[in-house]
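Peer 1:
In the working numbering, the protein residues as written are 27 to 544.
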């Protein structure tokens, strides 16, 4: 992780140089500095710096300046209008495609009637790319459109590398790695091989967990004479290694970025932080975040959400709450899984107000967004906090959703809460429902019932527990006999006490010492 501090040193040097420049440049040079940074013609700059203009020349100069900016503004406005027109036109085509109800024949007819002319009009591939972008939530339709586009023999608007790259990424997102490779090879055979194609196929491999194939393709790219890896390429590689917790490979890729003097982007930091969160390397996660904040790259919402998840999983509640305040509105509306992670963090902690914190977060989760594991976590929380009514409410919810517990530790947590409340009848009801619901049944459940019946001198009900154990073929243990022995001894049941002693001796558990003394 120390190697990452090179990035921090670079950021500090950049900051130092910026401060020095501010001190060196006097206020009188501010106008000159601003003009130099613009795109003015060199001749215009020279005239402005070397001549003392007359009134007429001054008017001419400022007229030229106004015209210059007007031209730039008009150009920018025209580009914006053209982009807006493209989006609107493609959106209409997308709506027409969606109305065909996945009918491939009808979709092809719409594309023939409306798509051909549009794609020829935008022969650089912008219209196709925009259509695929707008169809990203409809992968089947996007695939249909892309396959139709591949079949076209339109020499007026041949497929571009960017279209192939989009198709490769789309194939990767639908887990069709073979199609992604086929498209890559097809584009290569058409002499369209570019870095963007390699990046797209690497992204498809990364998305499907094929880190080694991703790395192999990266090595092939480095051997190419016509294209070379970009920072995007390295970011994809970092993401691929991070998902598989190959931290050494991930950090080696970062070293290569630094050695090549490539400037890390926000996706570089995002991949690193995500990798460390996946590997539960909290210290490295925080260091990377601090390095990023010290650089010229500022965290976006995705980075903040990653940090929130990291702090929740690591149990750092103060930092988790601080990060949550920064992204509360977004999380409450769109990141329910993160809310569940925060709930788990509170449940595992010793926070004095954790129940209140948990229930406040629970209000953000829709009622129909049920998760069995979260239900069990809440049962344990309320059981440990001795909130019997809330525990039973969560247990009822579990039975309603046909959720069942399979671990002994959770069952022991539940019965311990019943025991502390001396609620033997509620425990008996729970045990019956648990047996019918397929929950994990352990001997501790029956022993707890026996002890609680014994404490209330309900001996006949205690003895019926033995029959219940027999019905499920659960033999009596040494502890079972000890509970019977202590119960009969306590309540003066001499004859039954002698029977228990005989059964203990017969089962090989020996005779209690106090029985010998008496």
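Just so it is clear, CB atoms sit at the ideal spot from N, CA and C, and this is done for glycine as well.
May I have the straight-line CA-CA distance separating residue 414 from residue 266, to the nearest angstrom?
Peer 2: Stepping through the chain shown from its first residue, residue 414 is reached at position 388. Stepping through the chain shown from its first residue, residue 266 is reached at position 240. Between residue 414 and residue 266, the C-alpha separation is close to 46 Å.
Peer 1: State buried or exposed for residue 339, treating a residue as buried only when at least 16 other CB atoms are found within 10 Å of its CB.
Peer 2: Mapped onto the chain shown, residue 339 falls at position 313. By the 10 Å Cβ count, residue 339 comes out buried.
Peer 1: I need the DSSP call for residue 56, collapsed to helix, strand or coil.
Peer 2: Position 30 of the chain shown, counted from the start, is the residue given in the question as residue 56. For residue 56, the predicted structure reports a pLDDT of 37, less than 50, and the residue's modelled location is therefore unreliable. A value from the coordinates is still provided. In this structure, residue 56 counts as helix in the three-state DSSP scheme.
Peer 1: Kindly indicate the opening and closing residues of the alpha helix (DSSP H) around residue 321.
Peer 2: Here residue 321 refers to the residue found at position 295 when the chain shown is read from its first residue. Segment: none, residue 321 is in no alpha helix (DSSP H) and carries neither H nor E.
Peer 1: Output the residue ranges of the alpha helix (DSSP H) runs that lie fully inside the segment 164–232 and measure 4 residues or longer, sorted by chain position.
Peer 2: Within the segment 164–232, complete alpha helix (DSSP H) segments of at least 4 residues are found at 165–177, 187–199, 203–215, given in chain order.
Peer 1: Do residue 172 and residue 193 count as a contact pair if the criterion is CB distance below 7 Å?
Peer 2: Indexing the chain shown from 1 puts residue 193 at position 167. Indexing the chain shown from 1 puts residue 172 at position 146. Yes, they are a contact pair.
Peer 1: Is there contact here, the segment 469–480 with the segment 500–516, by at least three beta-carbon pairs under 8 Å?
Peer 2: By the criterion of at least three beta-carbon pairs nearer than 8 Å, the segment 469–480 is in contact with the segment 500–516.
Peer 1: Would you check if the distance between the CB atom of residue 437 and the CB atom of residue 466 is smaller than 7 Å?
Peer 2: Walking along the chain shown from the start, residue 437 turns up at place 411. Walking along the chain shown from the start, residue 466 turns up at place 440. Yes, the Cβ-Cβ distance between residue 437 and residue 466 is below 7 Å.
Peer 1: Less than 7 Å between C-beta atoms, sequence neighbours within five positions excluded: which residues of the same chain meet that for residue 308?
Peer 2: By one-based count along the chain shown, residue 308 stands at place 282. Counting only Cβ-Cβ distances below 7 Å, and skipping sequence neighbours, we find 336, 340.
Peer 1: Kindly provide the ranges of any alpha helix (DSSP H) runs that are 4 or more residues long and lie completely inside the segment 230–296, ordered along the chain.
Peer 2: With a minimum length of 4 residues, the unbroken runs of alpha helix (DSSP H) contained wholly in the segment 230–296 fall at 237–249, 257–269, 273–285.
Peer 1: In the DSSP assignment, find the unbroken alpha helix (DSSP H) run with residue 146 in it and report its ends.
Peer 2: For the purposes of this step, residue 146 is identified with residue 120 of the chain shown, where counting begins at 1. Per DSSP, the continuous alpha helix (DSSP H) segment holding residue 146 begins and ends at 142–147.
Peer 1: Considering only the beta carbon of each residue, do residue 136 and residue 123 sit closer than 7 Å?
Peer 2: The sequence position of residue 136 within the chain shown is 110, counting from 1. The sequence position of residue 123 within the chain shown is 97, counting from 1. Contact flag set, yes.
Peer 1: Is it true that the CB of residue 349 sits closer than 7 Å to the CB of residue 305?
Peer 2: Residue 305 sits at position 279 when you count from the first residue of the chain shown. Residue 349 sits at position 323 when you count from the first residue of the chain shown. No. Outside cutoff.
Peer 1: Taking the alpha carbon of residue 443 as the point to measure from, which residue in 409, 485, 426 has its own alpha carbon closest?
Peer 2: One-based indexing of the chain shown puts residue 443 at position 417. The shortest Cα separation from residue 443 among 409, 485, 426 belongs to 409.
Peer 1: Answer yes if the segment 349–358 comes into contact with the segment 373–384, meaning at least three C-beta pairs across the two stretches below 8 Å, and no otherwise.
Peer 2: no
Peer 1: Which one of 300, 447, 429, 487 has the shortest CA to CA distance from residue 459?
Peer 2: Counting from one through the chain shown, the residue named residue 459 turns up at place 433. Minimum Cα distance to residue 459 is reached at 429.
Peer 1: Leaving aside the five residues before and after residue 346 along the sequence, list all residues of the same chain whose C-beta is less than 7 Å from its C-beta, in chain order.
Peer 2: If you number the chain shown from 1, residue 346 lands on position 320. Only 334, 337, 338, 368, 371 meet the Cβ criterion.
Peer 1: Measure the CB-CB distance between residue 323 and residue 365 and report whether it falls below 7 Å.
Peer 2: As a working note, residue 323 is residue 297 in the chain shown. As a working note, residue 365 is residue 339 in the chain shown. Cβ distance not < 7 Å, so residue 323 and residue 365 don't count as in contact.
Peer 1: With the cut-off set at 7 Å, would you say residue 149 and residue 183 are in Cβ contact?
Peer 2: The residue you call residue 149 lines up with position 123 of the chain shown. The residue you call residue 183 lines up with position 157 of the chain shown. Yes, the pair counts as a contact, with Cβ atoms nearer than the cut-off.
Peer 1: Taking only three categories from DSSP, how would you classify residue 399?
Peer 2: If you number the chain shown from 1, residue 399 lands on position 373. In the structure shown, residue 399 sits in a helix (DSSP, three-state: H, G or I).
Peer 1: Just reading off the alpha helix (DSSP H) that residue 522 is part of, what are its end residues?
Peer 2: Within the chain shown, numbered from 1, the residue matching residue 522 stands at position 496. Per DSSP, residue 522 belongs to the alpha helix (DSSP H) from 520–532.
Peer 1: Since residue 246 and residue 203 should fall inside the 8 Å C-beta cutoff, what is the C-beta to C-beta distance between them, to a whole number of angstroms?
Peer 2: Residue mapping note: residue 246 aligns to position 220 of the chain shown, counting from 1. Residue mapping note: residue 203 aligns to position 177 of the chain shown, counting from 1. Residue 246 to residue 203, Cβ: 16 Å. No contact.
Peer 1: Residue 75 by DSSP, collapsed to three states: which one?
Peer 2: By one-based count along the chain shown, residue 75 stands at place 49. With a pLDDT of 43 at residue 75, under the threshold of 50, the modelled position of that residue is not reliable, and the figure given next carries that caveat. In this structure, residue 75 counts as helix in the three-state DSSP scheme.
Peer 1: Should residue 418 be counted as a contact of the ligand NAD given a C-beta to heavy atom distance under 6 Å?
Peer 2: As far as ligands go, the structure on display features none, and thus does not contain the ligand NAD.
Peer 1: Got a sec? Which residues, its chain only, sit under 6 Å from residue 63 by beta carbon, not counting five neighbours each side?
Peer 2: Here residue 63 corresponds to residue number 37 of the chain shown, with the count starting at 1. Bear in mind that a pLDDT of 37 at residue 63, under 50, signals an unreliable position, so the number given afterwards is only what the model happens to contain. Counting only Cβ-Cβ distances below 6 Å, and skipping sequence neighbours, we find nothing.
Peer 1: Mind checking whether residue 395 and residue 362 have CB atoms under 7 Å apart?
Peer 2: Taking the chain shown and counting its residues from 1, one reaches residue 395 at position 369. Taking the chain shown and counting its residues from 1, one reaches residue 362 at position 336. Yes.
Peer 1: Could you round the C-beta distance between residue 189 and residue 175 to whole angstroms and report it? I think they count as a contact, below 8 Å.
Peer 2: Within the chain shown, residue 189 is the residue found at index 163, counting from 1. Within the chain shown, residue 175 is the residue found at index 149, counting from 1. Indeed they touch by this definition, with Cβ atoms about 7 Å apart.
Peer 1: When the Cα of residue 464 is compared with those of 498, 260, 169, which residue comes out closest?
Peer 2: Residue mapping note: residue 464 aligns to position 438 of the chain shown, counting from 1. Closest option to residue 464, Cα to Cα, is 498.
Peer 1: Can you give the beta carbon distance from residue 258 to residue 226, rounded, assuming they're within the 8 Å contact cut?
Peer 2: What you label residue 258 is simply residue 232 of the chain shown in a count that begins at 1. What you label residue 226 is simply residue 200 of the chain shown in a count that begins at 1. Contact flag wrong, Cβ pair sits at about 10 Å.
Peer 1: In three-state terms, what does DSSP make of residue 559?
Peer 2: The structure shown does not extend to residue 559, since the chain is modelled only from 27 to 544, so the question has no answer here.
Peer 1: For residue 425 and residue 450, I'd like the C-alpha separation in whole angstroms.
Peer 2: As a working mapping, residue 425 is identified with position 399 in the chain shown. As a working mapping, residue 450 is identified with position 424 in the chain shown. One Cα belongs to residue 425, the other to residue 450, and the distance between them is close to 20 Å.
Peer 1: Have a look at residue 275 and residue 391 and give me their C-alpha separation to the nearest angstrom.
Peer 2: Indexing the chain shown from 1 puts residue 275 at position 249. Indexing the chain shown from 1 puts residue 391 at position 365. So the alpha carbons of these two residues sit roughly 38 Å apart.
Peer 1: Throw me the rounded Cβ distance for the residue 251 and residue 221 pair, which I believe falls under 8 Å.
Peer 2: For the purposes of this step, residue 251 is taken as the residue at position 225 of the chain shown. For the purposes of this step, residue 221 is taken as the residue at position 195 of the chain shown. The pair is not a contact, with the Cβ atoms about 13 Å apart (cut-off 8 Å).
Peer 1: Quick one: residues in its chain with C-beta nearer than 7 Å to the C-beta of residue 483, no 5 flanking neighbours on either side, listed in chain order?
Peer 2: For the purposes of this step, residue 483 is taken as the residue at position 457 of the chain shown. Same-chain partners within the cutoff: 517.
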